[in-house]
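Single-structure report; data block below.
Protein chains in written order, with the numbering used here: chain A, 274 to 422; chain B, 1175 to 1263.
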């Protein structure tokens, strides 16, 4: 399921970003380009961090941006941006962030499978470190495939 | 039955991940409970026996005793340790 959504269109490596907001916009761009979310969805997920704080940094070095399904999700989707230079989210123990996911959910439950596979991946610290170190998107997809195999 | 809720800003992402982690930890510990995932709005208006959320929300629950704060929501060890501490009290 996760690998149906994470592919060479939606996994990208970047050198860095200006700040956490820029990182979120960069990470969401593939979902815009592939018409999976509307522009306003990206704004909504940024606004949510402004409103609630950087709780989207769910683990050391890992952020999961998202907004609500009704904020402009066209189809369930997820993207992954790897930032070589870590980004400060002001997230206490979990900064700096190098992996930024953007999730577009269509309701409150149907992305359960995607998230549970993402969790398996994030619980595997050697896989996470290999992803962070990788300079090749197709290699990242292979790493994820190996974890989920 | 014990009602545990996991909470995040929108009730879509982090709280659902947290619910899955808490689900597997409570099973390991043999704790019988119902677990739901809520957003910040819901948790203000409804009651639960135990609230589990991320450390970023500490201020929102100031003065409340039935709350556990988690730094790494995919880390079963952290959640297990904090749950055991909570139930020992």
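Quick reminder that beta carbons are idealized off the backbone N, C-alpha and C, glycines included.
Scanning A:419, A:359, A:283 for the CA closest to the CA of residue 300 (chain A) turns up A:283. With 16 or more neighbouring CB atoms inside 10 Å of its own CB, residue 1230 (chain B) falls in the buried class. For residue 325 (chain A), the chain B residues whose C-beta falls within less than 9 Å of its own C-beta are 1182, 1183, 1184, 1214, 1230, 1231, 1234, listed in chain order. Shown here for residue 348 (chain A): same chain residues with a beta carbon closer than 8 Å to its own, the five before and five after excluded, namely 309, 377, 379 in chain order. Pairing residue 1225 (chain B) with residue 1246 (chain B) gives a Cβ-Cβ distance that is not under 8 Å. Residues of chain A whose Cβ lies closer than 9 Å to the Cβ of residue 1219 (chain B) do not exist; the shortest such Cβ separation is about 17 Å. A check of alpha carbon separations from residue 314 (chain A) across A:350, A:411, A:289 identifies A:350 as the nearest.
For residue 418 (chain A) and residue 338 (chain A), the gap between their C-alpha atoms comes out near 22 Å. Residue pairing by DSSP puts residue 374 (chain A) in a beta bridge opposite A:337, A:353.
Distance between residue 319 (chain A) and residue 1206 (chain B), taken at the CA atoms: about 37 Å. Of the candidates B:1234, B:1259, B:1262, B:1254, B:1254 places its Cα closest to the Cα of residue 1193 (chain B). Close to residue 341 (chain A), with beta-carbon spacing below 8 Å, are these residues of chain B in chain order: 1184, 1186. Assigned with DSSP and collapsed to three states, residue 1208 (chain B) falls in strand. Restricting attention to beta strand (DSSP E) runs no shorter than 3 residues, the segment 1188 to 1241 of chain B encloses them at 1207 to 1213, 1224 to 1228, ordered along the chain. By the Cβ neighbour-count rule, residue 344 (chain A) is buried, with 16 or more other Cβ atoms within 10 Å of its own. Note that the segment 1177 to 1189 of chain B does not touch the segment 393 to 401 of chain A; fewer than 3 beta-carbon pairs, one per stretch, sit closer than 8 Å.
Residues of chain A whose Cβ lies closer than 9 Å to the Cβ of residue 1262 (chain B) do not exist; the shortest such Cβ separation is about 24 Å. When 8 Å is used as the limit between beta carbons, residue 1247 (chain B) is near these residues of chain A: 331, 332, in chain order. Contact check for residue 1228 (chain B) and residue 1188 (chain B): beta-carbon distance about 6 Å, within the 8 Å limit, so the pair qualifies. In this structure, B:1185 is the residue among B:1185, B:1175, B:1261 with its C-alpha nearest to the C-alpha of residue 321 (chain A). When secondary structure is reduced to three states using DSSP, residue 328 (chain A) falls in the coil class, being assigned neither helix nor strand. Against chain A, a Cβ distance below 7 Å from residue 1225 (chain B) picks out nothing, because the smallest value is about 14 Å. With a threshold of 8 Å between beta carbons, residue 1190 (chain B) makes contact with chain A.
Bounds of the alpha helix (DSSP H) holding residue 276 (chain A) are 275 to 278.
The bridge partners DSSP lists for residue 1180 (chain B) are B:1211, B:1226.
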